[in-house]
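Note that our numbering has the sequence shown beginning at 34, numbered continuously upward.
By construction, the Cβ of each residue, glycine as well, lies at the ideal position given by its N, Cα and C atoms.
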Amino acid sequence: MKNQIRIGCGAGFSGDRLEPAMILAEQGNLDYLVLECLAERTIALAQKRKLADPAKGYDPLLERRIEGLLPILVKNNVRLITNMGAANPMEGAKKIIEIANKQGIPVKVAAVIGDELSDKLKVMSDDIFKFNNENFAVELIKNHSSPSAHPSPLISANAYMGVEGILEALKSDANIIITGRVADPSLFLAPMIHEFGWATDDYNLLGQGTVVGHLLECAGQVTGGYFADPITKPVTNMDTLGHPFADVFADGSAIISKVEGTGGVVNLATVKEQLLYEVVNPFSYLTPDVSANFTTVQLEEISENQVKVWGGTGQEKPSTLKVSVGYQAGFLAEGEISYAGQNALARAKLAGDTLEKRLKADFPDLRTDYVGVSAIHRTDFAHQIEPYEVRLRVAANADTAQKAALIGEEVEALYTNGPAGGGGARKYVTELVGIVSVLVDRKKVIPEVIIF
Numbered sequence: 034m035k036n037q038i039r040i041g042c043g044a045g046f047s048g049d050r051l052e053p054a055m056i057l058a059e060q061g062n063l064d065y066l067v068l069e070c071l072a073e074r075t076i077a078l079a080q081k082r083k084l085a086d087p088a089k090g091y092d093p094l095l096e097r098r099i100e101g102l103l104p105i106l107v108k109n110n111v112r113l114i115t116n117m118g119a120a121n122p123m124e125g126a127k128k129i130i131e132i133a134n135k136q137g138i139p140v141k142v143a144a145v146i147g148d149e150l151s152d153k154l155k156v157m158s159d160d161i162f163k164f165n166n167e168n169f170a171v172e173l174i175k176n177h178s179s180p181s182a183h184p185s186p187l188i189s190a191n192a193y194m195g196v197e198g199i200l201e202a203l204k205s206d207a208n209i210i211i212t213g214r215v216a217d218p219s220l221f222l223a224p225m226i227h228e229f230g231w232a233t234d235d236y237n238l239l240g241q242g243t244v245v246g247h248l249l250e251c252a253g254q255v256t257g258g259y260f261a262d263p264i265t266k267p268v269t270n271m272d273t274l275g276h277p278f279a280d281v282f283a284d285g286s287a288i289i290s291k292v293e294g295t296g297g298v299v300n301l302a303t304v305k306e307q308l309l310y311e312v313v314n315p316f317s318y319l320t321p322d323v324s325a326n327f328t329t330v331q332l333e334e335i336s337e338n339q340v341k342v343w344g345g346t347g348q349e350k351p352s353t354l355k356v357s358v359g360y361q362a363g364f365l366a367e368g369e370i371s372y373a374g375q376n377a378l379a380r381a382k383l384a385g386d387t388l389e390k391r392l393k394a395d396f397p398d399l400r401t402d403y404v405g406v407s408a409i410h411r412t413d414f415a416h417q418i419e420p421y422e423v424r425l426r427v428a429a430n431a432d433t434a435q436k437a438a439l440i441g442e443e444v445e446a447l448y449t450n451g452p453a454g455g456g457g458a459r460k461y462v463t464e465l466v467g468i469v470s471v472l473v474d475r476k477k478v479i480p481e482v483i484i485f
């Protein structure tokens, strides 16, 4: 067993930059590189691509990432763990093998499957789902509208699996492990368990390992990206922002850092912000592997761009797993037009009032925004300085694409029907994917590893 490993995070979401991962693989002296590329909406959209083409459904950037990374990974003996398999890890693994063959690089790929429940989960009512011909109650985690309220079929149902499948894949000596919906910190925790020989019921170690995974999983956020504010929290060289790595030790402690010469910063402030990111209950941060306690974590800035992390603890893992269920939720209709110069706001408001009178009866949830004045916080803008330019945006939900198109048509009609000086009209119709989260008995979700 090793006493120390180095894990880097090359991507924090599906659309993340490509070059930070390549810099980590080339210059980071890594043992493992993790690409964390999934979110609730991401996997639902991946399921839609798979429905349209059974050979698709993996991450859209998989080919480009692997083409650039593969020679570096093999040269430097870095193992890659990623959830870029999204809705189709099997086809993602085949695509990696295809790329490796074209490059003349021998590679072993392990696909971890078992998270997809789409063909097993059927809506029965607002709080009852049917799974494997067995009815069982599920808890709605968030106050989302239930998919049973919509006549359209389910798009996706994917359970958040933990480390089990990845641990099995690591035993195979696979160069690349590609998964579907695995919880973000589990991607990082698995190599710690594998290399250090941790017991999967040593919850204090798993809690500390989960802390490290949580700090790494959003990539550039912990190196100053999402942290940056040019007035109160300046960060230098954002254009070459480096992604983080962690030197993890057998006791679970770690040092968070980044490749020397890359932009950004790692300090107590960036690490503290990321530690609290998306944490509802710091006493019990639930993952498929452990209920982690973040309140016992200790941090120390030991050098420039180096923060030591230790002291995380944990308790027994939950008996249930979260399942992200995606469903077709109608269409979003949007229309935009700009007004500039004298009385820009007054003209924009006149346009907004006109549209509300013409559309409100058919679109009771119509939203009117004055971008540049009150579109985000929706505050009372009556006492603010008169803006030189305003962009009017109206939006509403619709059951059909045809009905949704009416919003943009009415905005476009403002060109000649006034008020004066409108320009840059745009209209959009977007098919919506709704997401609801439920809990299922973890015994009903069985990971499986396929070797290529």
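Q.
Counting beta carbon pairs with one atom in the stretch 442 to 449 and one in the stretch 472 to 479, are three or more of them shorter than 8 angstroms?
A. no
Does DSSP put VAL50 in a helix, a strand or coil? What you label residue 50 is simply residue 17 of the sequence shown in a count that begins at 1. Position check: residue 50 holds Arg in this sequence, whereas Val was assumed. In this structure, ARG50 counts as coil in the three-state DSSP scheme.
* Considering only residues of the same chain and omitting the five flanking positions on each side of GLY385, which have a CB-CB separation below 6 angstroms? -> Taking the first residue of the sequence shown as 1, we reach residue 385 at position 352. The residues are THR401, LEU425.
* **Whole-angstrom distance between SER336 and LEU94, CA atom to CA atom** => Your numbering for residue 94 matches position 61 in the sequence shown. Your numbering for residue 336 matches position 303 in the sequence shown. Rounded to the nearest whole angstrom, the CA to CA distance from LEU94 to SER336 is 35 angstroms.
- Pull up the distance between the alpha-carbon of LEU308 and that of CYS70, whole angstroms please. To locate residue 308, count along the sequence shown from 1; it is residue 275. To locate residue 70, count along the sequence shown from 1; it is residue 37. A straight line joining the alpha-carbon of LEU308 with that of CYS70 spans about 19 angstroms.
Taking only three categories from DSSP, how would you classify LEU399?
The residue you call residue 399 lines up with position 366 of the sequence shown. LEU399: coil per DSSP, three-state reduction.
### Query
Which whole-angstrom value is the C-beta distance of PRO321 and ALA216, which I expect to be below 8 angstroms?
Position 288 of the sequence shown, counted from the start, is the residue given in the question as residue 321. Position 183 of the sequence shown, counted from the start, is the residue given in the question as residue 216. 5 angstroms between Cβ atoms; contact.
- Item | Segments of 3+ residues assigned as beta strand (DSSP E) that fall wholly inside the stretch 239 to 286 | 277 to 282
Hey, LEU388 and VAL473: beta-carbon distance below 8 angstroms or not?
For this step, residue 388 is matched to residue 355 along the sequence shown. For this step, residue 473 is matched to residue 440 along the sequence shown. It is not a contact, given that the beta carbons lie outside the stated cut-off.
How about CYS251 and GLY45: do their beta carbons lie closer than 8 angstroms? The residue you call residue 251 lines up with position 218 of the sequence shown. The residue you call residue 45 lines up with position 12 of the sequence shown. The answer is yes: Cβ separation under 8 angstroms.
Q | Burial state of THR115 (16 or more Cβ within 10 Å) | A | Reading the sequence shown from its first residue, position 82 is the one you call residue 115. The residue is buried, with at least 16 neighbouring Cβ atoms inside 10 Å.
Handout entry: Coarse secondary structure for SER336, derived from DSSP in three states
Key = As a first step, residue 336 is located in the sequence shown; it is residue number 303 there, counting from the start. DSSP places SER336 in strand when its eight states are reduced to three.
Taking the C-alpha atoms as reference points, what is the distance between LEU51 and SER286?
-> Position 18 of the sequence shown, counted from the first residue, corresponds to residue 51. Position 253 of the sequence shown, counted from the first residue, corresponds to residue 286. Near 29 angstroms, if we compare the C-alpha coordinates of SER286 and LEU51.
ask   = In the DSSP assignment, what residue or residues form a beta bridge with ILE130?
value = Residue numbering aside, residue 130 sits at position 97 when the sequence shown is read from its first letter. Answer by DSSP bridge pairing: none, since ILE130 is not bridged.
Determine, using beta carbons only, whether VAL107 and ILE138 come nearer to each other than 8 angstroms. Along the sequence shown, read from residue 1 onward, the residue named residue 107 stands at position 74. Along the sequence shown, read from residue 1 onward, the residue named residue 138 stands at position 105. Cβ atoms of VAL107 and ILE138: closer than 8 angstroms.
request  = Output yes or no for whether 8 angstroms exceeds the beta carbon distance between VAL340 and ILE288.
outcome  = Looking up residue 340 in the sequence shown gives position 307. Looking up residue 288 in the sequence shown gives position 255. Yes. Within cutoff.
**OP:** Could you check how far apart the C-beta atoms of LEU248 and VAL196 are, in whole angstroms? I think they sit under 8 angstroms.
**Re:** As a first step, residue 248 must be located in the sequence shown, where it is residue number 215. As a first step, residue 196 must be located in the sequence shown, where it is residue number 163. So it is not a contact: roughly 17 angstroms between Cβ atoms.
Which ranges would you report for the alpha helix (DSSP H) in the stretch 352 to 428 if only whole runs of at least 4 residues count?
377 to 392
Practice prompt. Report back the beta-carbon spacing between ALA437 and PHE364 to the nearest angstrom; my notes put them in contact at under 8 angstroms.
Written response: Taking the sequence shown and counting its residues from 1, the one referred to as residue 437 is at position 404. Taking the sequence shown and counting its residues from 1, the one referred to as residue 364 is at position 331. Sure, about 4 angstroms apart at Cβ, within 8 angstroms.
Contacting residues, own chain, Cβ-Cβ under 6 angstroms from GLN80 (five flanking each side not counted): Taking the sequence shown and counting its residues from 1, the one referred to as residue 80 is at position 47. Exclusion of the five residues before and after GLN80 leaves ALA120, ILE188, SER189 as the residues of its chain whose Cβ lies within less than 6 angstroms of its Cβ.
Practice problem: Using the Cα positions of ALA202 and VAL482, report the straight-line distance between them to the nearest angstrom. | Solution: Numbered from 1 along the sequence shown, position 169 holds the residue referred to as residue 202. Numbered from 1 along the sequence shown, position 449 holds the residue referred to as residue 482. Their Cα atoms are separated by approximately 6 angstroms.
Exercise. Classify LYS350 as buried or exposed, calling it buried when 16 or more other Cβ atoms lie within 10 Å of its own Cβ.
Key: In the sequence shown, the residue the question calls residue 350 occupies position 317. LYS350 is classed as buried because its beta carbon has at least 16 other beta carbons within 10 Å across all chains shown.
| query | Which residue's Cα is closest to the Cα of VAL313: THR328, GLU334, VAL406, ASN430? | reply | Indexing the sequence shown from 1 puts residue 313 at position 280. Taking only the C-alpha atoms, the option nearest VAL313 is THR328.
Measure from the alpha carbon of SER470 to the alpha carbon of each residue in ARG74, VAL292, MET123, ASP272, then state which is nearest.
Within the sequence shown, numbered from 1, the residue matching residue 470 stands at position 437. SER470 has its Cα closest to that of ARG74, out of ARG74, VAL292, MET123, ASP272.
Minimum length 3: unbroken beta strand (DSSP E) runs contained in the stretch 65 to 125: Runs of the beta strand (DSSP E) spanning 3 or more residues and lying entirely within the stretch 65 to 125 occur at 65 to 68, 112 to 115, in chain order.
Original post:
Which value, in whole angstroms, describes the spacing of the CA atoms of SER151 and GLY61?
Top reply: Within the sequence shown, residue 151 is the residue found at index 118, counting from 1. Within the sequence shown, residue 61 is the residue found at index 28, counting from 1. Each residue's alpha carbon lies about 39 angstroms from the other.
**Prompt:** So, helix, strand or coil for LEU301, using DSSP?
**Reply:** The count along the sequence shown starts at 1 and reaches residue 301 at position 268. Note: LEU301 maps to helix in three-state DSSP.
Please classify HIS410 as buried or exposed, where buried requires at least 16 neighbouring CB atoms within 10 angstroms.
Locating residue 410 in the sequence shown gives position 377, counting from the first residue. With fewer than 16 Cβ atoms within 10 Å of its Cβ, HIS410 is classed as exposed.
For this session: Would you tell me roughly how many angstroms separate the C-alpha atoms of ALA453 and LEU78, rounded to the nearest one?
Result: Within the sequence shown, the letter at position 420 stands for residue 453. Within the sequence shown, the letter at position 45 stands for residue 78. Using only the alpha carbons, I get a separation of about 40 angstroms.
### Message
Just verifying my parser: in three-state terms, what is the DSSP assignment at GLY198?
### Response
Counting from 1 along the sequence shown, the entry for residue 198 is found at position 165. Residue state, collapsed to three classes: helix.
In terms of residues, what are the limits of the beta strand (DSSP E) holding ALA207?
-> What you label residue 207 is simply residue 174 of the sequence shown in a count that begins at 1. From DSSP, ALA207 is part of no beta strand (DSSP E); its letter is neither H nor E.
> Taking VAL342 as the reference, which of LEU399, SER357, GLY240 has the closest Cα?
Replying inline: Taking the sequence shown and counting its residues from 1, the one referred to as residue 342 is at position 309. Considering only alpha carbons, the answer is GLY240.
- Message: Quick check: the Cα distance between ARG380 and LEU274, rounded to an integer number of angstroms?
- Response: Taking the sequence shown and counting its residues from 1, the one referred to as residue 380 is at position 347. Taking the sequence shown and counting its residues from 1, the one referred to as residue 274 is at position 241. Each residue's alpha carbon lies about 42 angstroms from the other.
Start and end residues, alpha helix (DSSP H) containing SER219
Looking up residue 219 in the sequence shown gives position 186. It spans 217 to 229 - the alpha helix (DSSP H) in which SER219 sits, taken as one unbroken run.
- Task: Select from HIS276, ASP262, ALA431, GLY147 the residue whose C-alpha is nearest the C-alpha of GLU464.
- Result: The count along the sequence shown starts at 1 and reaches residue 464 at position 431. Selected option, being the one with the closest Cα: ALA431.
#### Entry: Proximity of GLN348 and TYR236 at Cβ, strictly below 8 angstroms
What you label residue 348 is simply residue 315 of the sequence shown in a count that begins at 1. What you label residue 236 is simply residue 203 of the sequence shown in a count that begins at 1. Closer than 8 angstroms, so yes.
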